Each structure stands twice: as C-alpha cells, then as structure tokens.
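Taking it in order: structure first as structure tokens, then the write-up.
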Amino acid sequence: FPVTIHKLGFDTELFDTDGFHSTSTNTSRITIPSGKAGKYLVCVFSGFAANTTGNRQLSIWRNNFTGTPSRAFNLLFTGSNAGPAMAGSAIIDLAVGDYVEAVVYQNSGGNLTVYGGANDTIFSVQYLGA
C-alpha cells in the first residue's frame, strides 16, 4: 500500500460466533452486535515487507478514530531491513454498534506490502464480560 494510513480488510474468518464481521461489507471492521456490549480483548498481528527507510506503525482504532479512546493501541517501528512484524493488544470497553479496525501506516517513500494470509495478519476480539 502507498504512504498513507491504511485500514486492513479481511476476506476470510477462522470463526465468527455472533456476526461480528462481514467478509463482503466493511471488511476492515469488527462490529459489536446486539446484546454483546462489554469489555473486549482486541488483538492484532501484522508486518511489512523489508525496507530500510522510514517508519511502520500498527494501531487499533475504535469507531474510525473518533470517540474515547480513539486509538487504543499504537506501535511504531523505525526502518528495518528485516521487515518488522508487529503485534499488539488492548482491552477496550465497547458498546453495541461500536467497531474496531486494524490500521497500518508507513512512510518509506514508496509502496510496501503488508503481510497477508491466515498466518501472517491476524485481527481478533474476545468478549471478556460486561
């Protein structure tokens, strides 16, 4: 993806017990369904192709970067020839209709690939309770 903020979309699911995610509409979002408000453990793992220039950033956003907390997690790496892999998690209080997204940013000066596939980029939520 180019040098911008990029929301990661997901077209496959390992499992989705209550319709939190759609593989065809708003594929970047995990949305809290009716009756499921509460605290959630939100986890993300991803990485970039190797490049020695610029920074890489991974964040978890709540409701399109609006509200409080708008950015629940933010991890920043400086350029790395190894292609940095990043992981993070946050416990977030979410209401029905709230959604979270995994967001990446890089400023290497050109396009960089974000790792894809079931074992390379993972985004999940786990209900912890009210």
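Going by the working numbering, the sequence shown runs without a break in its numbering and finishes at 1293.
Built from N, CA and C at the ideal position, the CB exists for glycine as well.
What you are looking at is a predicted structure, and each value in this text was computed from that prediction instead of being measured.
- Secondary structure at Glu1176: coil, using DSSP grouped into helix, strand and coil.
- A residue is called buried once 16 or more other Cβ atoms fall within 10 Å of its Cβ, and Thr1194 is buried on that count.
- In this structure, the alpha-carbon of Ala1293 lies about 8 Å from that of Asp1256.
- A contact between stretches requires three or more CB pairs, one per stretch, nearer than 8 Å, and the segment 1201 to 1217 meets this requirement with the segment 1260 to 1276.
- Rounded to whole angstroms, the gap between the alpha carbons of Phe1173 and Val1263 is 13 Å.
- Annotated as proximal: Val1205 and Val1288, with beta-carbon spacing under 7 Å.
- Annotation: the continuous beta strand (DSSP E) that includes Tyr1203 extends over 1201 to 1210.
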